[in-house]
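Trainee:
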Amino acid sequence: MAGLWRVGLTGGIGSGKSSVASILRERGAFVIDADAIVHQLEARGRPGWRALREEFGWPVLTTSGDLMRRKLGRRIFLDPGVRRRVDDLIHPLVRGQLYDMLEQWEGAGGRLAVIDIPLLVENGWDVEVNEMWVVYVTREQQRRRIMARDGLSRDDAERRIAAQLPLAAKLTRAHRVINNTGSYGQLKREVEAVWLDGLDSAQADGG
Ligand SMILES: Nc1ncnc2c1ncn2[C@@H]1O[C@H](COP(=O)(O)OP(=O)(O)OP(=O)(O)O)[C@@H](O)[C@H]1O
Ligand SMILES: [Mg+2]
1 MAGLWRVGLT GGIGSGKSSV ASILRERGAF VIDADAIVHQ LEARGRPGWR
51 ALREEFGWPV LTTSGDLMRR KLGRRIFLDP GVRRRVDDLI HPLVRGQLYD
101 MLEQWEGAGG RLAVIDIPLL VENGWDVEVN EMWVVYVTRE QQRRRIMARD
151 GLSRDDAERR IAAQLPLAAK LTRAHRVINN TGSYGQLKRE VEAVWLDGLD
201 SAQADGG
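Counting in the working numbering, the sequence shown runs from 1 upward without gaps.
1) Span of the alpha helix (DSSP H) holding L98?
2) Under three-state DSSP, which class holds V194?
3) Is the beta carbon of A162 closer than 8 Å to that of W133?
4) From R111, W105, M68, P92, pick the residue whose C-alpha is nearest to that of W125; which is it?
5) To the nearest angstrom, report how far apart A202 and E55 are at their CA atoms.
6) Are there 16 or more other CB atoms within 10 angstroms of the CB of P104, so buried, or fewer, so exposed?
7) For a test of the three-state rule: what should DSSP assign to M147, helix, strand or coil?
8) Throw me the rounded Cβ distance for the L167 and G11 pair, which I believe falls under 8 Å.
9) Do you know offhand how far A193's Cα is from D35's?
10) In whole angstroms, what is the alpha-carbon distance linking I223 and V86?
11) Please classify G207: is it buried, with 16 or more other beta-carbons within 10 angstroms of its beta-carbon, or exposed?
12) Does the beta-carbon of R17, which I'm using as the reference point, lie nearer than 7 Å to any heavy atom of ligand 1?
13) Exposed or buried, what is R44 when buried is set at 16 or more other beta-carbons lying within 10 Å of its beta-carbon?
14) Since L24 contacts V31 with CB under 8 Å, what's their CB separation in whole angstroms?
15) Quick one: any contact between the region 136 to 144 and the region 176 to 194, if contact means 3 or more CB pairs under 8 Å?
16) With a 10 Å radius around its C-beta and 16 neighbouring C-beta atoms as the bar for buried, classify V121 as buried or exposed.
17) Taking the CB atoms as reference points, tell me whether L9 and D116 lie closer together than 8 Å.
18) So for A162, helix, strand or coil by DSSP?
19) Beta carbon of E131, beta carbon of V7: below 8 Å?
20) Helix, strand or coil for V121 per DSSP?
21) Going by the DSSP bridge assignment, what does N180 pair with across the sheet?
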């Protein structure tokens, strides 16, 4: 995949990755949503679902056999050992699917791909991308926005933010910072600028 420029899009919970991804898509970018890959792999009968059923058994499934995502999510949140077991099963599957999609895109003549990966840094995916774009907001905005979006209490929102590497630490690894402390209109202009830069990098890389 030497010719395809891979951008990792990340940030903190609620910092605006999905919002940036949809602006990029409107602009014609090829954007892969790593969360969506996980969801697809964990649908009943799919490889992720089979692996989780083997590892954890019926306690994580409903009577009709669907994965109880929230229940497993809570166990992951409370127990780092469970998180590791799930990650060890699911990450290789996600990586495989991701690389299939990248290869297809490159085969179709694509030069640049953006991959929206929430825990890019935490999970060591940064080695898989050529550059990293980090969506930045203040911690206060992060909290307010996820409270509004997910109907969370202040405490729950704080806990979710605290479970991730601080956004400020991710900034030190960023090739580009997308500032989302302003309005949607400002975000669009920020995204436009990094998108044009990204195209330049892809162009330069391809010679
Ligand atoms: N500039 C902005 N002004 C106001 N609200 C915003 C802005 N950008 C994003 N939001 C809102 O903040 C919330 C979080 O944004 P978004 O879902 O894009 O974040 P995310 O990084 O994808 O979150 P997650 O880590 O949970 O996937 C959403 O409800 C979104 O509509
Ligand atoms: Mg998102």
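We treat Cβ as the ideally placed atom computed from N, Cα and C, and that holds for glycine. Note that the structure is a prediction, hence the values are computed from the model and not measured.
Mentor: The short version:
1) 80 to 107
2) helix
3) no
4) P92
5) 41 Å
6) Here the sequence assigns Gln to residue 104, which means Pro is not the residue at that position. Under this definition Q104 is an exposed residue.
7) helix
8) 7 Å
9) 25 Å
10) Shown here, the chain extends from 1 to 207; a query on residue 223 therefore has no answer.
11) Confidence at G207 is low in this model, with a pLDDT of 49, below 50, so its placement is unreliable and the value that follows should be read with caution. Exposed, by the Cβ-count rule.
12) Checking the sequence, you will find Lys at residue 17 rather than Arg. It does: the Cβ of K17 is within 7 Å (strictly closer) of some heavy atom of ligand 1.
13) exposed
14) 5 Å
15) yes
16) buried
17) yes
18) helix
19) yes
20) coil
21) Paired residues: none, contrary to the question.
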